[in-house]
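Q:
In my numbering, the protein residues as written are 84 to 353.
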C-alpha cells in the first residue's frame, strides 16, 4: 500500500513515498539548504532569481541525501502545458546545473532507464508521480490548473500504455504536495475552464462568493486519472498543502511570487 513519511538526512527534509518496489520517489521540503531570504533555504529552482551557485549546491546536497546524483538529473523548462518527453540515457544531466539546457517546453517525463532521476519543480502546482513496477516504467508530470484542464496526467498514462505497453491495472499514481482546497482561491475564468473540461465539477469547487471559488486540484487530478482508466485504489493523494505548511514548503501564492521551488523526483533503482 502506498504511503508517505517525512524524512531527514544531513539536515535536509523530504517526503519519501513508501510501498514501492525498486523505485525511489520523493518530494523535497524547504529546509537544509544554503539559499538566503526570500529563498531560504533549500531552493532548487534555477529560474527564480536566486544565486545560481547556491541553487546548484542545494541540488547537489539533495541528490546525495536521496541517492539521486545531480549529474544524472533530467529536468525541464516547465510551461504549464501538456508536452511529454520520453527520456533516455542521452538525456542524463540535462538541465541539472544550467536552466538553459533543461528540456524545453516540457511538463512531463517518462522513462524505462535505471538510475535516471526525472526531476520537476514546484511552489504550489501539483506533482503527479506515475509508476508501473511490473514493467519498470516511471514518470512525473507537472499539473497546475492549466495542466489539469489539459489533462496532462491522462496524456502520460496513455503514453505509458502506447509507448511502453503498460497495463492500466499495473499503473499507480501519487498526487504530491501542492496548494490545497483550503487555500486555492480562483476566479470565474478558471471555474469556466474546468466546466469546459469536466462533465462534473461539484467535487472540484467550493463556492465562496459570486466571483470566487476554492479549487481542489487533488480531486480534479484524481478524476482525470480515473477517467483515463486508473482504479481509485491505485491513486494516492498525499494531502499536504504547500500554502498552509510554511515550515515545510515554499508557496508561490502565499509568498506573493518571490520564493523558492521544491523538487519532485522519481528514479528506477533496478
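Cβ atoms here follow ideal geometry from the backbone N, Cα and C, with glycine treated the same way. Small disclaimer: the values here were computed from a predicted structure and weren't measured.
Just how far apart, CA to CA, sit residue 165 and residue 286?
A: One-based indexing of the chain shown puts residue 165 at position 82. One-based indexing of the chain shown puts residue 286 at position 203. Their backbone Cα atoms lie some 23 Å apart in a straight line.
Q: In terms of alpha-carbon separation, which member of 226, 217 and 196 lies closest to residue 210?
A: In the chain shown, the residue the question calls residue 210 occupies position 127. Cα-wise, what sits closest to residue 210 is 226.
Q: Secondary structure at residue 170, three-state DSSP: helix, strand or coil?
A: Within the chain shown, the letter at position 87 stands for residue 170. The answer is coil: DSSP assigns residue 170 none of H, G, I, E or B.
Q: Can you look up residue 235 in the DSSP assignment and give me helix, strand or coil?
A: Here residue 235 refers to the residue found at position 152 when the chain shown is read from its first residue. Here residue 235 sits in helix by DSSP.
Q: By the DSSP assignment, the alpha helix (DSSP H) with residue 276 in it spans what residues?
A: For the purposes of this step, residue 276 is taken as residue 193 along the chain shown, with counting starting at 1. Counting along the chain, the alpha helix (DSSP H) containing residue 276 begins and ends at 271 to 280.
Q: Hey, could you find the ends of the alpha helix (DSSP H) residue 191 is sitting in?
A: As a first step, residue 191 is located in the chain shown; it is residue number 108 there, counting from the start. Unbroken run through residue 191 is the beta strand (DSSP E), 191 to 194; no alpha helix (DSSP H).
Q: Report back the beta-carbon spacing between residue 343 and residue 122 to the nearest angstrom; my notes put them in contact at under 8 Å.
A: Working through the chain shown from its first residue, we reach residue 343 at position 260. Working through the chain shown from its first residue, we reach residue 122 at position 39. At roughly 4 Å, the Cβ-Cβ gap stays under 8 Å, so residue 343 and residue 122 are in contact.
Q: Drop a sphere of 10 angstroms on the beta-carbon of residue 303, count the other beta-carbons inside from all chains shown, and report buried for 16 or more, exposed for fewer.
A: Residue mapping note: residue 303 aligns to position 220 of the chain shown, counting from 1. So residue 303 counts as buried.
Q: According to DSSP, simplified to helix, strand and coil, what is residue 214?
A: For the purposes of this step, residue 214 is taken as the residue at position 131 of the chain shown. Looking at residue 214 - three-state DSSP - the assignment turns out to be strand.
Q: Smallest Cα separation from residue 149: which of 158, 97, 139 and 155?
A: The residue you call residue 149 lines up with position 66 of the chain shown. Looking at the Cα atoms, 97 is the closest of the given residues.
Q: Please tell me whether, using a cut-off of 7 Å, the distance from the CB of residue 153 to the nearest non-hydrogen atom of the ligand ZN is below it.
A: Among the ligands in the structure shown, none appear at all, so the ligand ZN cannot be discussed.
Q: Span of the beta strand (DSSP E) holding residue 206?
A: Translated into positions along the chain shown, residue 206 becomes position 123. No beta strand (DSSP E) holds residue 206; DSSP gives it neither H nor E.
Q: Are the CB atoms of residue 321 and residue 220 nearer to each other than 8 Å?
A: The sequence position of residue 321 within the chain shown is 238, counting from 1. The sequence position of residue 220 within the chain shown is 137, counting from 1. No, the Cβ-Cβ distance between residue 321 and residue 220 is not below 8 Å.
Q: Provide the residue(s) that pair with residue 225 in DSSP beta bridges, ordered along the chain.
A: The residue you call residue 225 lines up with position 142 of the chain shown. 210, per the DSSP bridge assignment.
Q: Determine contact between the segment 322 to 334 and the segment 242 to 250, defined as no fewer than three beta-carbon pairs at a distance below 8 Å.
A: Short answer: they don't touch.
Q: Measuring CA to CA, which of 172, 99 and 333 is closest to residue 109?
A: In the chain shown, counting from the first residue as 1, residue 109 sits at position 26. Measuring from the Cα of residue 109, the nearest candidate turns out to be 99.
Q: Could you tell me which uninterrupted beta strand (DSSP E) segments, each at least 3 residues in length, are contained entirely in the segment 132 to 177, listed from first to last along the chain?
A: Listed in chain order, the complete beta strand (DSSP E) runs (minimum 3 residues) inside the segment 132 to 177 are 167 to 169.
Q: Can you list, in chain order, the residues of its chain with a C-beta nearer than 8 Å to that of residue 84? Leave out the 5 residues immediately preceding and following it.
A: Here residue 84 refers to the residue found at position 1 of the chain shown. Excluding positions up to five away in sequence, the list reads 102.
Q: Whose C-beta lies closer than 6 Å to the C-beta of residue 259 among residues of the same chain, with five residues either side of it excluded?
A: Position 176 of the chain shown holds residue 259. Counting only Cβ-Cβ distances below 6 Å, and skipping sequence neighbours, we find 110, 210, 321 and 347.
Q: Pick from 188, 195 and 205: whose alpha carbon is nearest that of residue 175?
A: The residue given as residue 175 occupies position 92 in the chain shown. Considering only alpha carbons, the answer is 195.
Q: Output the distance between the C-alpha atoms of residue 214 and residue 341, rounded to the nearest integer angstrom.
A: For the purposes of this step, residue 214 is identified with residue 131 of the chain shown, where counting begins at 1. For the purposes of this step, residue 341 is identified with residue 258 of the chain shown, where counting begins at 1. Cα to Cα, the separation comes out at about 33 Å.
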